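Take a look at the structure below.
Protein chains in written order, with the numbering used here: chain D, 550 to 644; chain Z, 19 to 503; chain G, 30 to 140; chain S, 2 to 297.
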């Protein structure tokens, strides 16, 4: 019962962050700013959602899989954000 | 043991051949093709030698769970028909692509995939599997139509693709309705399970619309002339002889299975009327063409019209039904051989003249007599003069119309023949005009003319075998609708 | 819609019908090739929804496995068709600079 | 009717409209990806988990990538062609409304027979030796459909005359990308193998695995690492390998199981996994050929 409530709370938090990320993606002025919305807010949202699911997980292995998925998503979004940013900034960073 | 093998091999062998010729280098691919073609010939002969109807349960799982292949005499006839067309076209392609190895490399695997698709459609007894084969044939045909990479060919291929995609979705929607209400996909079981009603009738109309679009029945024909007329010649022959027949044969199969259950009289009359309009309109358009291959392509629109006339008489329990069935099969064969021959001959003449205009044909009769002869023989079958297959087809339609007491169709058949004669003679007349300039002549491998002639002879003299064919097919339709073909 | 007592399956085949004809209409009316291909995919999704939603579910709430397999095959064929269409459209665009097919010429005229 | 379902259906409808009437090809493609992802949710609600995963991977993922790739080219079209012009909605829409009404009426008359197909599958599942019903249908009961479907995919690659794009080494060596790719690619390959293996007992399968594999190869290609391995993927043999394996195993069934496309008792699981592994390689190679398109 307590765990269910906790899950729900975490899901609500996740939703808040996802909404913030989506609004940021739509409303922020340029690509570099939008990357913030995608990489920061959305990943936090995903993290909360993952936590909520881990609480409900049937086994340790299932929980482990969820953590793995979250980590992979983190790395992927960090790399993608980095690549997008590199496309936006034409000049090389100072050595 | 062989029975387990034969039917699936008719599909799997050409698929395997497609993979092999795609992977192997040119100098291996050519001999390999002939080994494959010989294998196919042996296979088809073995199938025909098996007199009894054959049914193969794939994977050992019977319908409704699995898929079954059925080779009745209709399917066997079509397998032989496909084999003959392919023999001529593959021979022809050897000469046609001799100077363009890149196109040859693109052509070979797609041609074999198309062979597999044709055989698969003729043998399949499963509605969803028929959808997959229809897609296989359609996408292969699109790829073949785009083979040259010329912008006009690309535009024609895109138009063709969009028509095929539309047809695919309509077919699936009809399938969804039938599967949703019955839970089975095998044609045999569907025919037993389907109940007359709005849903099943709408499903059938959707299937028929999809197939009519893929067969290019007027007014759904606009994609056909650019695709067939604009493709490289061996492809034009395959598309017009085989690909539109795939969708038509599926329609014929569905009709034979569903006509006893659903009330299809009005639909049959409607299809026949559209067919009649196609005969007239297609012929008139063919008359207006200035380029030989476009003339031949528009002639297909008219000849497709003939294919749909028998639906007016294919009613269960009427004496006309058996004759109408024979007429359909004869028209499939007659148009297939004649149109392929015509395209192949046209390709020879165009290559010799170096251009596609009708006036380029001038003097062809003396320079390329074999090709002009093939063109004329094929024309005889299209017009419907004896002893051609085209004559037998039209004669059977005439008989069916009279048996059904619908004599106005006789007028249409006569008009159609006259119009066909007009556009065929128009093309041939150019060939007999004196040549303006001899220096323009280009050499064409004789092999190409001979393969065109092979098909033309089949079309022009095939009518002599009508009685044999009708007798051979009789057990398929005699018991209809109680005993399904 | 909610006024009518509607079971879950009905909702999905109603949506499937709507998507089917939405896609069909755009496929017929839109000139741009890319949009036509998008419309084909939307129409296909609608048809798949109808196909699956019409079949009763198994006791454990799992959809008819045969219908699922048919839809899966259909999705793969749709993606193959879309990919082919896109490649042809891109080659056509490279060759001519056009992103739509020319309007239909009057019939019977030579191209 | 569930309120969540109704909301999902409405959002899907709105997305479809927005996607089809989008101003640019790029927006349309992006909206189509969103549509595909939400449609996957609808499949979950319909109890079709396998379709949901395929829809997300293929309908949204691969189709989305192909569409975006193409949209980029069309947006750089030299002259202002008519792509921006949205279709005029009125004349055909009345016809469409009428047809939709006819279909809805017909659908409402359908009284589906009881779940006989479901029962038939579950009854035969034991003897099929495959635990997951959808995989059993795809690779045992209706394996022939799947075989022809793979042929369709081969046709698309051949017909598009697609050659895999040339190996594009990064113009400037990017240490961050190289480092990430160095360990991301093996993980992605691992995920692909997992998806393949999972297919026999639960949702998963060759196509989903191939999508992941193709993504990994693309990632490696962008980073310019393993050029030799990349060249291997462009060999025509890889593209037909799956189909040939499928046909050869299928034909051998005539000797070992008495039916073409049958499997000898006790061997089904292993043979299906082998076929799927071969298919995964070929599908991945085909996807790569279609994605990194350039004229041959």
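Just so you know, even glycine gets a beta-carbon here, dropped at the ideal spot from N, CA and C. Model, not experiment: these values are computed from the prediction.
Residue 116 of chain Z and residue 463 of chain Z look like a contact to me (Cβ under 8 Å); what is the Cβ gap, rounded to whole Å? Reading the second chain from its first residue, position 98 is the one you call residue 116 of chain Z. Reading the second chain from its first residue, position 445 is the one you call residue 463 of chain Z. Their Cβ separation, rounded to whole angstroms, is 7 Å, which keeps residue 116 of chain Z and residue 463 of chain Z in contact under 8 Å.
Does DSSP put residue 166 of chain S in a helix, in a strand, or in coil? Your numbering for residue 166 of chain S matches position 165 in the fourth chain. Here the model assigns residue 166 of chain S a pLDDT of 48, short of 50, so the residue's position is not dependable and the matter cannot be decided.
For residue 425 of chain Z, which residues from the same chain have a beta carbon less than 7 Å from its beta carbon, with the 5 sequence-adjacent residues on both sides left out? Position 407 of the second chain, counting from 1, holds the residue named residue 425 of chain Z. Excluding positions up to five away in sequence, the list reads 419.
Can you list, in chain order, the residues of its chain whose CB lies under 8 Å from that of residue 262 of chain Z, leaving out five sequence neighbours each side? Within the second chain, the letter at position 244 stands for residue 262 of chain Z. Contacts found: 232, 233, 234, 242, 318 and 322.
Counting only runs that start and end within the region 71 to 150 of chain Z, where is the beta strand (DSSP E) found for 3 or more residues in a row? 72 to 75 and 86 to 89
Tell me the DSSP secondary structure of residue 61 of chain G in three-state form. Your numbering for residue 61 of chain G matches position 32 in the third chain. Strand.
If you pair each beta-carbon of the region 71 to 80 of chain Z with each one of the region 40 to 51 of chain Z, do three or more pairs fall below 8 Å? When Cβ pairs closer than 8 Å are counted between the two stretches, the region 71 to 80 of chain Z is seen not to touch the region 40 to 51 of chain Z, the count staying below three.
Going by other Cβ atoms of all chains shown within 10 Å of its Cβ, with 16 needed for buried, is residue 580 of chain D buried or exposed? The sequence position of residue 580 of chain D within the first chain is 31, counting from 1. Exposed, by the Cβ-count rule.
Three-state secondary structure assigned by DSSP to residue 204 of chain Z: Counting from one through the second chain, the residue named residue 204 of chain Z turns up at place 186. Three-state result, residue 204 of chain Z: strand.
Any beta carbon of chain G sitting closer than 8 Å to that of residue 198 of chain Z? Residue mapping note: residue 198 of chain Z aligns to position 180 of the second chain, counting from 1. True, the Cβ-Cβ gap to chain G drops below 8 Å.
Quick check on residue 150 of chain Z - is its C-beta less than 8 Å from some C-beta in chain G? Walking along the second chain from the start, residue 150 of chain Z turns up at place 132. Closer than 8 Å: yes.
Quick check on residue 177 of chain Z: does DSSP put it in helix, strand or coil? Within the second chain, the letter at position 159 stands for residue 177 of chain Z. If DSSP states are grouped into helix, strand and coil, residue 177 of chain Z belongs with the helices.
Residues within the region 48 to 68 of chain S neighbouring chain Z, beta-carbon criterion of under 7 Å: none
Contact defined as beta carbons within less than 8 Å: I believe residue 89 of chain Z pairs with residue 141 of chain Z. What is the distance between those atoms, to the nearest angstrom? The sequence position of residue 89 of chain Z within the second chain is 71, counting from 1. The sequence position of residue 141 of chain Z within the second chain is 123, counting from 1. Confirmed, about 6 Å.
Residue 166 of chain Z in three-state terms, based on DSSP: For the purposes of this step, residue 166 of chain Z is taken as residue 148 along the second chain, with counting starting at 1. In this structure, residue 166 of chain Z counts as coil in the three-state DSSP scheme.
Three Cβ pairs or more, each shorter than 8 Å: is that satisfied between the region 595 to 609 of chain D and the region 556 to 563 of chain D? With a cut-off of 8 Å, the region 556 to 563 of chain D and the region 595 to 609 of chain D count as touching, because enough Cβ pairs lie within range.
Does the distance from the C-beta atom of residue 285 of chain S to that of residue 214 of chain S stay below 8 Å? The residue given as residue 285 of chain S occupies position 284 in the fourth chain. The residue given as residue 214 of chain S occupies position 213 in the fourth chain. Annotated as proximal: residue 285 of chain S and residue 214 of chain S, with beta-carbon spacing under 8 Å.
Mapping the DSSP letters down to three states, classify residue 309 of chain Z as helix, strand or coil. Along the second chain, read from residue 1 onward, the residue named residue 309 of chain Z stands at position 291. Looking at residue 309 of chain Z - three-state DSSP - the assignment turns out to be strand.
Go ahead and pull the three-state DSSP assignment for residue 129 of chain G. In the third chain, residue 129 of chain G corresponds to position 100, counting from 1. Of the three classes helix, strand and coil, the one that applies to residue 129 of chain G here is strand, per DSSP.
Assuming residue 97 of chain G and residue 83 of chain G are in contact, meaning their beta carbons sit under 8 Å apart, how far apart are those beta carbons, in whole angstroms? Position 68 of the third chain, counted from the start, is the residue given in the question as residue 97 of chain G. Position 54 of the third chain, counted from the start, is the residue given in the question as residue 83 of chain G. Not confirmed; about 13 Å, so no contact.
With a threshold of 7 Å on Cβ separation, who are the neighbours of residue 209 of chain S within its own chain once the five nearest residues in sequence on each side are excluded? Position 208 of the fourth chain, counted from the first residue, corresponds to residue 209 of chain S. 54, 55, 58 and 196.
Sequence-distant residues of its chain with Cβ nearer than 7 Å to residue 587 of chain D (five each side left out): On the first chain, position 38 is the one that residue 587 of chain D refers to. So the list reads 570, 574, 626 and 630, once near-sequence residues are dropped.
Does the beta carbon of residue 249 of chain Z sit closer than 8 Å to a beta carbon anywhere in chain G? Taking the first residue of the second chain as 1, we reach residue 249 of chain Z at position 231. So no, residue 249 of chain Z is outside the interface.
Assuming residue 274 of chain S contacts residue 239 of chain S under a Cβ cut-off of 8 Å, what Cβ separation, rounded to an integer in Å, is found between them? The sequence position of residue 274 of chain S within the fourth chain is 273, counting from 1. The sequence position of residue 239 of chain S within the fourth chain is 238, counting from 1. In fact, because the Cβ distance is near 19 Å, the residues do not count as touching under 8 Å.
Residue-chain proximity (residue 121 of chain Z, chain S), Cβ-Cβ < 8 Å: Numbered from 1 along the second chain, position 103 holds the residue referred to as residue 121 of chain Z. With 8 Å as the cut-off, residue 121 of chain Z does not count as an interface residue toward chain S.
Residues in the region 49 to 66 of chain G with C-beta within 7 Å of chain S's C-beta atoms, listed in sequence order? 50, 51, 53, 54, 55, 57, 58, 59, 60, 61, 63 and 64
Three-way DSSP call (helix, strand, coil) for residue 267 of chain S in this model: Locating residue 267 of chain S in the fourth chain gives position 266, counting from the first residue. Annotated three-state conformation of residue 267 of chain S is coil, per DSSP.
In whole angstroms, what separates the C-alpha of residue 108 of chain S from that of residue 589 of chain D? Residue mapping note: residue 108 of chain S aligns to position 107 of the fourth chain, counting from 1. Residue mapping note: residue 589 of chain D aligns to position 40 of the first chain, counting from 1. Roughly 47 Å between the two C-alpha positions.
Span separating the alpha-carbon of residue 114 of chain Z from that of residue 249 of chain Z: Position 96 of the second chain, counted from the start, is the residue given in the question as residue 114 of chain Z. Position 231 of the second chain, counted from the start, is the residue given in the question as residue 249 of chain Z. Cα-Cα distance, rounded: 13 Å.
Between the CA atoms of residue 244 of chain Z and residue 140 of chain G - distance to the nearest angstrom: Walking along the third chain from the start, residue 140 of chain G turns up at place 111. Walking along the second chain from the start, residue 244 of chain Z turns up at place 226. At residue 140 of chain G the pLDDT is 44, less than 50, meaning the model places this residue with poor confidence and gives no usable figure here.
By DSSP's criteria, residue 375 of chain Z is part of a beta bridge. Which residues make up the other side? Numbered from its first residue, the second chain carries residue 375 of chain Z at position 357. Per DSSP, Z:309.
So the candidates are G:85, G:114 and G:89; which of them puts its Cα closest to the Cα of residue 63 of chain G? Your numbering for residue 63 of chain G matches position 34 in the third chain. For the residues G:85, G:114 and G:89, the minimum Cα distance to residue 63 of chain G belongs to G:114.
Per-residue contacts from residue 232 of chain S into chain Z (C-beta, under 9 Å): In the fourth chain, residue 232 of chain S corresponds to position 231, counting from 1. Those do not exist, as residue 232 of chain S stays about 16 Å from chain Z at its closest Cβ, beyond 9 Å.
Interface residues of chain G around residue 445 of chain Z at Cβ under 9 Å? As a first step, residue 445 of chain Z must be located in the second chain, where it is residue number 427. What residue 445 of chain Z touches in chain G: nothing, since even the nearest Cβ is about 15 Å away.
Do the region 411 to 418 of chain Z and the region 383 to 395 of chain Z make contact, defined as three or more Cβ pairs closer than 8 Å? Taking a cut-off of 8 Å on C-beta distances, the region 411 to 418 of chain Z does not touch the region 383 to 395 of chain Z, as fewer than three cross pairs fall below it.
For residue 351 of chain Z and residue 477 of chain Z, what's the separation of their Cα atoms in angstroms? Position 333 of the second chain, counting from 1, holds the residue named residue 351 of chain Z. Position 459 of the second chain, counting from 1, holds the residue named residue 477 of chain Z. Taking the straight line from one Cα to the other gives about 8 Å.
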